[in-house]
Structure formats: C-alpha cells, structure tokens
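Input: a single structure, listed below in structure tokens.
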Amino acid sequence: MKIIGKAHVYGDNIDTDRIIPGKYTKTLDMQSLAEHVLEDLDPEFSKKVQQGDIVVAGENFGCGSSREQAPLALKTAGVSLIIAKSFARIFFRNAINIGLPIIEVKDYNIQLEDTVEVDLITGKVEVNGNTYFGTKMPDVMVDILNENGLVNYLSKHKQYNL
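Right under this line is the structure:
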C-alpha cells in the first residue's frame with residue numbers, strides 16, 4: 003500500500019483538542035469537522051490541505067481525549083496519511099479503525115510541502131532522495147485500511163456476524 007502526498011509539518015504533543023476543538027464535536031456532519039480541523043494550531047490548514055496530503059508530526063501525536071472525531075476530521079479534510087515519531091495509542095487505534103493510515107518514523111527530515119512517498123507494507127518513507135524506515139504495518143492493519151476501516155473489514159469477513 004503506497005501513499006504519495008505533500009507534507010504539512012507540525013511539532014510534538016499535538017492533542018486531539020488541537021486536531022478538532024471540542025466545541026465542534028457535537029455534530030455528525032463530517033464536512034463541518036473537516037472545516038475546523040487543526041484550526042487552533044494552523045488556522046489556514048483546512049483551506050490549504052488538498053486531497054492526498056500528508057500530516058507529519060513529532061512525538062505523541064493525538065494525545066489527550068479519545069475522541070474519534072480527531073482522525074475523522076483529518077481524513078474528511080483529505081489527509082491520506084499521518085507520519086509521526088510516536089502516536090498516542092488511542093489515536094493510533096482510532097485512526098486505523100476509521101481507515102486513516104498512520105506510520106511511526108523515529109528519525110526523518112521532512113519539510114513543509116515536501117513530496118513524501120510511503121510504503122506501509124515495508125515501512126519505507128522516501129523524500130528528497132532520502133530513505134527512512136518506519137514501523138512496518140501489521141498485515142491485518144493493512145487489510146483494515148484497504149477496506150477503509152474496521153467496520154467494513156468486519157462486515158466483509160462474515161464470521162463476525164455484523
């Protein structure tokens with residue numbers, strides 16, 4: 003599973019309140035969430051993000067509350083992948099569950115608007131002629147992502163009786 007996109011680069015400890023402020027989480031309108039994604043961190047993000055873009059961050063991305071709206075807002079806004087040095091575990095799982103690819107890469111040099119190519123199966127990240135290696139995605143998680151989320155994956159595998 004390969005993903006290519008333009009980088010939007012941020013720092014450490016980006017919590018779910020900065021990804022999607024709590025005042026916007028009382029809606030089921032995903033487009034409304036996307037319009038406000040990252041607005042406290044980067045007020046212009048929702049206007050400049052393009053379908054297929056990649057968010058790149060430092061340590062502990064998605065810390066804070068366990069709100070599923072955070073990865074949903076990013077995905078609905080067009081983000082195709084998140085690269086971070088580490089993720090809060092609940093954000094990591096929520097992202098996979100809704101079909102938003104993520105990868106942990108401990109060491110990288112990625113700048114704003116760099117074009118990044120990632121192979122989730124091998125963990126290989128290429129940017130500006132440099133190659134980095136991230137955590138290889140387990141096969142079952144790749145399968146979940148290929149089905150666009152856990153509900154679709156489980157629905158396809160009838161033994162789960164959904």
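Every letter in the sequence shown is one number past the one before it in this note's numbering, and letter 57, counting from 1, is 59. C-beta atoms are modelled at their ideal positions from N, C-alpha and C, and glycine is treated no differently.
- With respect to the 8 Å criterion, Val39 and His10 are not classified as neighbours on the basis of their beta carbons.
- Excluding the 5 residues flanking it on each side, Cys65 has same chain C-beta neighbours closer than 8 Å at Asn15, Ile16, Asp17, Thr18, Ala90, Phe93, in chain order.
- Of the candidates Asp55, Asp109, Asn111, Gly136, Asp55 places its Cα closest to the Cα of Leu102.
- Restricted to the region 9-33, not a single beta strand (DSSP E) segment is unbroken, complete and at least 3 residues in length.
- Of Lys126, Gly131, Pro73, Asn150, the smallest CA-CA separation from Met139 is found for Lys126.
- Taking 8 Å as the cut-off, the Cβ atoms of Lys8 and Glu119 do not count as close.
- Between the alpha carbons of Leu43 and Leu152 lies a gap of roughly 29 Å.
- For Asn99, the CB contacts under 7 Å within the same chain, skipping 5 residues up- and downstream, are Gly151, Leu152 in chain order.
- The beta carbon of Tyr110 sits closer than 6 Å to the beta carbons of Tyr134 from its chain, once the five residues preceding and following it are set aside; these are given in chain order.
- Judged by their CB atoms, Asp116 and Asn96 are not nearer to each other than the 8 Å cut-off.
- The three-state secondary structure of Asp145, taken from DSSP, is helix.
- In this structure, Val57 is the residue among Val57, Gly80, Glu46 with its C-alpha nearest to the C-alpha of Ile112.
- Annotation for Phe63: Ile16, Ala86, Phe89 place their beta carbon closer than 6 Å to its own, counting only its chain and skipping 5 residues before and after.
- For the 8 Å CB-CB criterion, Ile84 and Leu74 do not form a contact.
- For Ala59 against Tyr26, the beta-carbon gap comes to about 20 Å, at or over 8 Å, which does not count as contact.
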